[in-house]
Each structure stands twice: as structure tokens, then as C-alpha cells.
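Asker: One structure is given below, represented as C-alpha cells, and several questions about it will come after.
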Amino acid sequence: MLPRPGAADLLKMAEQGLQDHVVGTLEGEAKYHTLMALRAIAIAKTELEEGAAADAAELKRIQALYGEPPETVGVDLAAARKRLAADIRARRFAPGTPREVRLLDALTATTATRLRAVNIKYMVRRGRGAESAV
Amino acid sequence: MAATSGNGAERVSLTAQSQAVAEFIAHAAGAKSATVTILNRLGGGAIQENWALDVDVADGPQAGHYEAVLRSDAASGIAESWPRAQEYALIAAAHAAGVTVPQPLWLEPSGAVIGRPFYVMRRAKGIAQGRRLLRSLEDETGDALAQRLGAELAKLHRVRPETAPESLAFLPKVGRDLIAERAAHYRKSLDGLPEPQPVLEWAINRMEDLAPPIETIALAHRDFRTGNYMADNGELSAILDFEFSGWSDPYEDLGWFCARCWRFGAVAREAGGIGTREAFYAGYESGTGQPVDDARVRYWEAVAPIRWAIIALQQGERHASGQERSLDLALTGLRAIECDYDLLAELPMLKKGA
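Right under this line is the structure:
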């Protein structure tokens, strides 16, 4: 819709402006709210830059789990997620089976991508535990 | 929960209602008059509003000066959270059991006085906010606090369904099929959310498959964690937030307290981010006279992120649905991703009967 610089760059500049010129001058509630806004900007920036590719990768992972042609699983991520959640609830991925291992691989990859976008520090503290567990 | 703060309009509105609150307190305290000074809104309530106030009851059996907190419902809540009248009954039961809680003073359940139900309790001194509290503690003080919290929890768990006061009759009964009931409840909660949650669906299955037999049912706090108690110079001053309390396996509280998601980044201090697991267990054992079954704690600890994820998603939905627009709530919703990650890391390692 807009010419350059585009949404991601505008967010980046807004983030930098707040960090360089505002946060240091604040304390208490004002600082708390500004830091929260900065966190939201950082997450939105990552979503703009990486969201579409991450969604495509997640859809591919779900399609691969079913071993069916992608078009039978569906090409819509929301519908594929819904089917996956329903099949897990219906216990179609029995514990301790290769099918469950593949499921956990897929869920872990998706979750790790999401967590990198919202709170990479949490992963640092975890030492990437979830990814090494499967 | 993360601290929230009210806007200017809310502050003015409660201040403007101080006379109505004073008249209610005078009546409830059997006095001719009382005065109320609203001080400020306190942080730490994502579902409730907490206001500091000073109360002077002029005469009658409860005459005196009270440094107090008025706790009322916020604009919107989540289904699992008790309304104020029930929470008041829970705090009163904990107080009667000798648990260090703010003394409950007066309950206004109808909503007629300020437009929503509220109660007033004594104000405790100290810090509740998790990260601030962690920064203020040395290792030794943290262990002593963890031990004290273990002992307090043991006192709460002495309240049992068969001997409970009539005021707790509203609590739904639970039996040995607690885990199956919990799983059904979680699935129903997920059905109420707009987006499917594959990780949580898998984790709920594991929770059922690995469930230990339930041996005891007691009054559980069900949100017993750092952030929900106050400490003054490292000493416990009050356990707070009984809004989720109910009958459960007492080990649920021990597991919740030790869960990684409630260590506020201090992951090596396994007891609430403040102290060692050993100190916390020792405190609990001093109150029960029984050794802590570590495997049961580990089970509840490993499944704790399921419940926190659902609560976080519901909080996020309060914002996303337009019920209560708040960036704080929106970001709380995203914390469910941390829970997913913990579940995927911890649950594959948990064994049946572990």
C-alpha cells in the first residue's frame, strides 16, 4: 500500500527513537508502559518481516505429518492447524510411536519459531531445551 | 500476572465514591461513622483492582484505624476466577487456619455501593512483584522465605472437604478422578478459544496418561507462586490472590510453586525463583510431619504450564475480543508460547508414576 520505507522500517525507527531518546528519561509507570510498547513493536516488526515465511513453513510441516498430498491436507494454515489439534485430541498420534516423534518435531519447530519472535531470552535461559528433547 | 495500572478516570471514580465506601464500612462495622481516604491504585491485579486506603472507624466494636486494601472486580474477568464474595470466604478460611493472609475485614457482595462487589482487608507491607522481590533477596534469605512458604502451604492444606466451614460449600467437589476432570475442563476451555492449540492438546493427553493416583484432597491455593505473596525485608508478610482456590491434590500447589514458568528467570532457584527446592520441601514437611513425595511435585510441575497457558490465552482474548483493550493483556496472551515450549521440553521426559 505504501511506498518505501514501509511498515517494518517505520516500526524500527519508532523503536530506536523511543530507546535512544525516551526510555532513559522515564521511571515508574511511564517507563513500564513504554517498555511494554517497545516489546510490542519488536514483536510486530518480527511478524512483519518473518511471519509469512514462518506460516508457510508451519503449513508444510503439518502437511508432511499426514503423508498425504498437500492439497488433501489443505492449503489453508488455519484449517490445517484445526485438523491437527482435533487429531491429537482424538489420539491419532499414539505415545511412543514414530508418528508421535514426528509430531513433536513439528510442534517444537513451530513453537521455537514463535518463541524466537516473542521472547528469545526465554530460549536462551532454557538452553534450547525443547529442541534438544526430541 | 503482570502489574496493571488504572487510568485517570478510574482513580477519580473510586475517590469520588469514598463517602459511599465509608458509609458501607460504618454500617458493616456496627459504627455510627467511619472515614475513608483513598490513597492509590496498587499494581498486581490483572483481573481485579486493588486500592490502598486508610479507614478510621469512629466507634463500635471495630473502632480504630485500619491501613487497608479495597479489592474489587475489574471491567472483565476470566471464567476460572472467583467473584469477590467467594474469594473473601476463601481468605477467611485460610485466616482461620492460621495462614499468613491479610485479615479480611468487610465484604460488600451486591455491587450496590460502588457499582461492583468488593471487600476490604488489612494492607500488608512489602513487595509482591516477582522480579523486584527476586532482586531484593540474598540466597540465605531466599531459602528462609521458601521454607516459610512451605510451612504456610502445609497449614492451608489442613483444610479438608470433610471438615471445611460451611462458607466453603460453594466449592465444587472433586474426587479421585481429579485429573480426568481437569483434562475435560481444559479441553472445554480450549474449545472456548478462537485458535486451535495443538501443543496443549498433546500436553493434556500426556497429563492424563501419566497421572499418579490421587491420595488426598485439600484446600489448594491454585495460584501459589512468587508474585502472589508479599515479603517485607525478606520476611513473608502475606499470601495473596485466592481467586483460583479450590479442592485439589495438595501437590498441585507445590508443583505450581516450583514450575519453571514461575521462577521469573531465576531458573536455578527451583522454589519460586527464590530458594532451593530442599528448603521449600523442608518447610512443608515441618507442617505436615510427612516427607514430600518428590515425584508427585514433579508431575504437577511438568503439567503446570498447561493451566498457565490457558489462563494466558484467556487473558489475551479479553483484549483481542474487545472486552477489555489492554496491551498488558495482549502480551500476557503471548506468554502461552513460553508454556508450549516448556511443555515440549519437560513432558517427554516425565514417566508414568515418576
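As they're listed, the protein sequences go chains R and A. Per this note's numbering, the very first residue in the first sequence carries number 1; after that it's consecutive. Per this note's numbering, the very first residue in the second sequence carries number 1001; after that it's consecutive. Backbone N, C-alpha and C fix where the C-beta goes; we use that ideal spot for every residue, glycine too.
(1) Could you pull out every residue in the same chain whose Cβ sits closer than 7 angstroms to the Cβ of residue 1064 of chain A, ignoring the five residues on either side in sequence?
(2) Buried or exposed: where does residue 1170 of chain A fall if 16 or more other Cβ atoms within 10 Å of its Cβ makes it buried?
(3) Rounded to the nearest angstrom, what separates residue 1205 of chain A and residue 1302 of chain A at their Cα positions?
(4) Beta carbon of residue 1102 of chain A, beta carbon of residue 1119 of chain A: below 8 angstroms?
(5) For residue 1177 of chain A, count the other beta carbons within 10 Å of its own beta carbon; 16 or more makes it buried, fewer makes it exposed. Which is it?
(6) Comparing the C-beta of residue 1005 of chain A with each C-beta of chain R, is any distance below 8 angstroms?
(7) For residue 12 of chain R and residue 1083 of chain A, I'd like the C-alpha separation in whole angstroms.
(8) Just to confirm my understanding: we take residue 1022 of chain A, look at its own chain, exclude 5 residues before and 5 after, and list those with CB closer than 6 angstroms. What are they?
(9) If you count every other CB in all the chains shown that lies within 10 Å of the CB of residue 1342 of chain A, and 16 or more means buried, which is it?
(10) Tell me where the beta strand (DSSP E) around residue 1236 of chain A begins and ends.
(11) Within 8 angstroms (strictly less), CB to CB, does residue 88 of chain R reach chain A?
(12) Run the CB neighbour count on residue 1108 of chain A, radius 10 Å, all protein chains shown included, and call it buried at 16 or more, exposed below.
(13) How long is the line joining the alpha carbons of residue 1014 of chain A and residue 1165 of chain A, rounded to whole angstroms?
(14) Could you spell out the range, first to last residue, of the alpha helix (DSSP H) harbouring residue 120 of chain R?
(15) Does chain R have any CB closer than 8 angstroms to the CB of residue 1340 of chain A?
(16) Residue 1223 of chain A lies in the alpha helix (DSSP H); which residues open and close that run?
(17) Show which residues of chain A have a CB atom less than 8 angstroms away from the CB atom of residue 122 of chain R.
(18) On a CA-only basis, which of A/1218, A/1208, A/1316 is nearest residue 91 of chain R? Give me that one, please.
(19) Does residue 1256 of chain A come out as helix, strand or coil in the three-state DSSP assignment?
(20) Spatial neighbours of residue 48 of chain R within its chain, please: C-beta separation below 8 angstroms, excluding the five flanking residues on both sides.
(21) For residue 1092 of chain A, which residues in the same chain have their Cβ closer than 6 angstroms to its Cβ, ignoring the five residues on either side in sequence?
(22) Helix, strand or coil, according to DSSP, for residue 39 of chain R in the structure here?
(23) Give the interface partners of residue 23 of chain R over in chain A, defined as CB-CB distance under 7 angstroms, in chain order.
(24) Using DSSP with H/G/I as helix, E/B as strand and the rest coil, what is residue 1335 of chain A?
(25) Ends of the alpha helix (DSSP H) at residue 70 of chain R?
(26) Establish whether the CB of residue 77 of chain R and some CB of chain A are separated by less than 8 angstroms.
(27) Just checking, does the segment 1273-1285 of chain A make contact with the segment 1150-1158 of chain A on the three C-beta pairs under 8 angstroms criterion?
(28) At a Cβ cut of 7 angstroms, what residues of the segment 1194-1220 of chain A count as close to chain R, listed as they run along the chain?
(29) Excluding five sequence neighbours on each side, which residues of the same chain lie with their C-beta closer than 8 angstroms to the C-beta of residue 38 of chain R?
(30) Under 8 angstroms by Cβ, that's how I've got residue 118 of chain R and residue 43 of chain R pegged, so tell me the actual separation to the nearest angstrom.
(31) Which residues in the same chain as residue 122 of chain R place their Cβ atom closer than 7 angstroms to its Cβ, once the five residues preceding and following it in sequence are excluded?
(32) Applying the 10 Å Cβ sphere with the 16-neighbour rule, what's the burial state of residue 962 of chain A?
(33) Quickly, what does DSSP pair residue 1365 of chain A with across the bridge? List them, please.
(34) By the criterion of Cβ-Cβ separation under 7 angstroms, what are the contact partners of residue 95 of chain R in chain A?
(35) Looking at the strands, I want to know which residues DSSP matches up with residue 1232 of chain A.
(36) Residues in its own chain within less than 7 angstroms of residue 1271 of chain A by CB, not counting five upstream and five downstream?
Answerer: Taking the coordinates as given:
(1) 1057, listed in sequence order.
(2) It counts as exposed.
(3) Cα to Cα, the separation comes out at about 13 angstroms.
(4) No, the pair does not count as a contact, with Cβ atoms beyond the cut-off.
(5) Per the 10 Å Cβ criterion, exposed.
(6) Low local confidence applies: a pLDDT of 37 at residue 1005 of chain A is under 50, so the model's placement there is unreliable, and no value is given.
(7) As the crow flies, the alpha-carbon of residue 12 of chain R is around 43 angstroms from that of residue 1083 of chain A.
(8) Within the same chain, 1034, 1035, 1036 come within 6 angstroms of residue 1022 of chain A by CB-CB distance, once the 5 residues on both sides are set aside.
(9) With 16 or more Cβ atoms within 10 Å of its Cβ, residue 1342 of chain A is classed as buried.
(10) Where residue 1236 of chain A is concerned, the enclosing beta strand (DSSP E) stretches over 1235-1239.
(11) Yes, residue 88 of chain R counts as interfacial toward chain A.
(12) So residue 1108 of chain A ends up on the buried side.
(13) Whole-angstrom Cα-Cα distance: 33 angstroms.
(14) Per DSSP, residue 120 of chain R belongs to the alpha helix (DSSP H) from 120-126.
(15) Cβ-Cβ to chain R under 8 angstroms: yes for residue 1340 of chain A.
(16) Counting along the chain, residue 1223 of chain A sits inside no alpha helix (DSSP H), nor does DSSP assign it H or E at all.
(17) Neighbours of residue 122 of chain R in chain A, taken as residues at a C-beta separation under 8 angstroms, are given in chain order as 1338, 1341.
(18) Of A/1218, A/1208, A/1316, the residue nearest in Cα terms is A/1208.
(19) Assigned with DSSP and collapsed to three states, residue 1256 of chain A falls in helix.
(20) Only 7, 8, 11 meet the Cβ criterion.
(21) Closer than 6 angstroms at Cβ, skipping near neighbours: 1104.
(22) Helix at residue 39 of chain R.
(23) Under the 7 angstroms cutoff, chain A gives no residues; its nearest Cβ is about 16 angstroms from residue 23 of chain R.
(24) Coil.
(25) In the DSSP assignment, residue 70 of chain R falls within the alpha helix (DSSP H) that extends over 70-73.
(26) With 8 angstroms as the cut-off, residue 77 of chain R does not count as an interface residue toward chain A.
(27) Output reads yes: the segment 1150-1158 of chain A touches the segment 1273-1285 of chain A.
(28) Close to chain R, meaning a Cβ-Cβ distance shorter than 7 angstroms, are the following residues of the segment 1194-1220 of chain A: 1196, 1197, 1198, 1199, 1201, 1202, 1205, 1209.
(29) Listed in chain order, the non-local C-beta contacts of residue 38 of chain R below 8 angstroms within the same chain comprise 15, 18, 19, 23, local neighbours out to five positions each way being set aside.
(30) In this structure residue 118 of chain R touches residue 43 of chain R by the C-beta definition: roughly 5 angstroms separates them, less than 8 angstroms.
(31) Closer than 7 angstroms at the Cβ level, and outside the excluded window around residue 122 of chain R, lie 115.
(32) With chain A represented from 1001 up to 1354, any question about residue 962 of chain A goes unanswered, as that position is not in the structure.
(33) Any property of residue 1365 of chain A remains undetermined from this structure, which presents chain A solely from 1001 to 1354.
(34) Neighbours of residue 95 of chain R across chain A, judged by C-beta separation under 7 angstroms: 1209.
(35) Per DSSP, the beta bridge partners of residue 1232 of chain A are A/1235.
(36) Here the set comprises 1146, 1257, 1258, 1277, 1279, 1280.
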